[in-house]
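Here full-length UniProt numbering is used: the first residue of the sequence shown is 1, the next is one more, and so on.
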Amino acid sequence: MDAAWKRGRALRRFAGSITVMTVLGHTVLGFEQAYLTPIAGAVTGMIAEFVLETVEAWAWRRPARYRGTPGQVADFFLPSYITGLTCAMLLYGGADPMPVVLAVLIGVGSTYVLRVRAPGVAGHRTGDTPGGHYLNPSCSGALAVVLLFPWVGVAPPYGLAEWVPGPPGSLVPLAGLVLVLGSAVNAGLVGRLPLVLGWVGGSVLQGLARGGLTDVSVIGALLPMTGVASVLATGYVLTDLGTTPARPRGQVVFGLATAAAHGLLVQFHFHVVSGLLSALLIVCAGRGAGLALLARVRPATVPVPAGARGLSEVPAGAQP
1 MDAAWKRGRA LRRFAGSITV MTVLGHTVLG FEQAYLTPIA GAVTGMIAEF VLETVEAWAW
61 RRPARYRGTP GQVADFFLPS YITGLTCAML LYGGADPMPV VLAVLIGVGS TYVLRVRAPG
121 VAGHRTGDTP GGHYLNPSCS GALAVVLLFP WVGVAPPYGL AEWVPGPPGS LVPLAGLVLV
181 LGSAVNAGLV GRLPLVLGWV GGSVLQGLAR GGLTDVSVIG ALLPMTGVAS VLATGYVLTD
241 LGTTPARPRG QVVFGLATAA AHGLLVQFHF HVVSGLLSAL LIVCAGRGAG LALLARVRPA
301 TVPVPAGARG LSEVPAGAQP
């Protein structure tokens, strides 16, 4: 099965899932963000992608990758569409959609500015884009806006389930979203179940370790995993197709590393804005540094035809 076709199918399914989740969130769960926010985020992401791709295609003297069949055009814009909806879920700026717009601009922009060439791949010499991005765009954009503007915050857990009544509402995210949406999306649709298992297993281990070695309650350390915010972050932020490994072993390591970084940030009170987003950004940066180091060690001997790769991910065969 062609890698580009598989990636396009995964992107379409991911985009469909997050679209459904956005609609359910604003009509059933009670997302507190303005209704305009996800629309503004998605439109901003696609416009930014179009402009940046046009400029880069002109600079590298290659055809823009949004030129092609309708399916190819849709697949090209889906990563920025997903980034827009994800940032709209992550951030809360009241009725003002501009914080989300800025986060999306930063996130999409980072995919063009911060790149690393895959080990053993000489795509640059064939007219293709100079490497693939390594920072999770939704994560980097959201964290940048929260740090720049203190009045903007990461959406609080209660703000994502405002209409779920009573104490039983705490079980809805765990039983419904994790088992149905999370498992289905990451296992059958986008192939990121090993990553989710690594993250969940690592989170349980770090919670047990903190409970056994410190005065932290084990229940208190594990309970946040059952919240809507954690479920959404697991299903739609952590499992980003472009910045996570394709191989199952690499996915498990990535998930475990994110859980370990999250536990350290929380345990030692680094006063970070969002423990999960900060941990994810740290792991993505570390993975990017590792890919850059491997690219210097391994000679670039495998050319990649122009247009064969999507901007949003390093070739699967080259991912650790």
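Just so you know, even glycine gets a beta-carbon here, dropped at the ideal spot from N, CA and C.
Computed from a predicted structure; not experimentally measured.
Q.
Judging by CA-CA distance, which residue of Tyr35, Val113, Leu29 is the nearest neighbour of Glu56?
A. Within the sequence shown, residue 56 is the residue found at index 56, counting from 1. For Glu56, the nearest C-alpha among the options comes from Val113.
Q: Can you give me the start and stop residues for the alpha helix (DSSP H) that Leu206 sits inside?
A: Mapped onto the sequence shown, residue 206 falls at position 206. Per the sequence shown, the amino acid found at residue 206 is Gln instead of Leu. From DSSP, the alpha helix (DSSP H) with Gln206 extends over 193-213.
Q) According to the Cβ coordinates, are Thr83 and Val108 closer than 8 angstroms? A) Sequence index remark: in the sequence shown, residue 83 carries index 83 (1-based). Sequence index remark: in the sequence shown, residue 108 carries index 108 (1-based). Yes, they are a contact pair.
(Q) Per DSSP, what are the beta-bridge partners of His133 in this structure? (A) Here residue 133 corresponds to residue number 133 of the sequence shown, with the count starting at 1. Paired residues: Arg115.
(Q) Please tell me whether Ser203 has its Cβ less than 8 angstroms away from any Cβ of chain C. (A) Annotation note: the requested chain C is absent from the structure, which comprises a single protein chain.
Q: Could you say which of Ser274, Pro97, Ala64 lies nearest to Ala42 if we only look at CA atoms?
A: Translated into the one-based positions of the sequence shown, residue 42 becomes position 42. It is Pro97 whose Cα lies nearest to the Cα of Ala42.
Q.
Among Val20, Phe149, Ala257, Tyr35, whose alpha-carbon lies nearest the alpha-carbon of Leu197?
A. Taking the first residue of the sequence shown as position 1, residue 197 is located at position 197. Out of Val20, Phe149, Ala257, Tyr35, Ala257 has the C-alpha closest to the C-alpha of Leu197.
Q | Buried versus exposed, by CB contacts within 10 Å (16 or more), Phe14 | A | Stepping through the sequence shown from its first residue, residue 14 is reached at position 14. Buried, because 16 or more other Cβ atoms sit within 10 Å of the Cβ of Phe14.
Q) Around the Cβ of Thr244, are there at least 16 other Cβ atoms within 10 angstroms (buried) or fewer (exposed)? A) Counting from 1 along the sequence shown, the entry for residue 244 is found at position 244. Buried.
Q | Cβ neighbours of Val252 in the same chain (closer than 6 angstroms, five flanking residues each side left out) | A | Counted from its first residue, the sequence shown places residue 252 at position 252. These residues qualify, in order along the chain: Pro194, Gly198.
**Q.** Top-ranked residue by Cα proximity to Thr239, from Gly207, Leu276, Leu208, Leu264
**A.** One-based indexing of the sequence shown puts residue 239 at position 239. Ranking the options by Cα distance to Thr239, first place goes to Leu276.
**Q.** One or two residues paired with Tyr92 in a DSSP bridge
**A.** Along the sequence shown, read from residue 1 onward, the residue named residue 92 stands at position 92. Answer by DSSP bridge pairing, in chain order: Gly153.
Q: Thinking Gln267 and Thr234 are a contact (beta carbons under 8 angstroms), I'd like their distance in whole angstroms, please.
A: By 1-based counting over the sequence shown, the position of residue 267 is 267. By 1-based counting over the sequence shown, the position of residue 234 is 234. Rounded, the Cβ-Cβ distance is 20 angstroms, inconsistent with contact.
Q: Give a yes or no on whether the C-beta atoms belonging to Leu241 and Val204 are separated by under 8 angstroms.
A: As a working note, residue 241 is residue 241 in the sequence shown. As a working note, residue 204 is residue 204 in the sequence shown. No. Outside cutoff.
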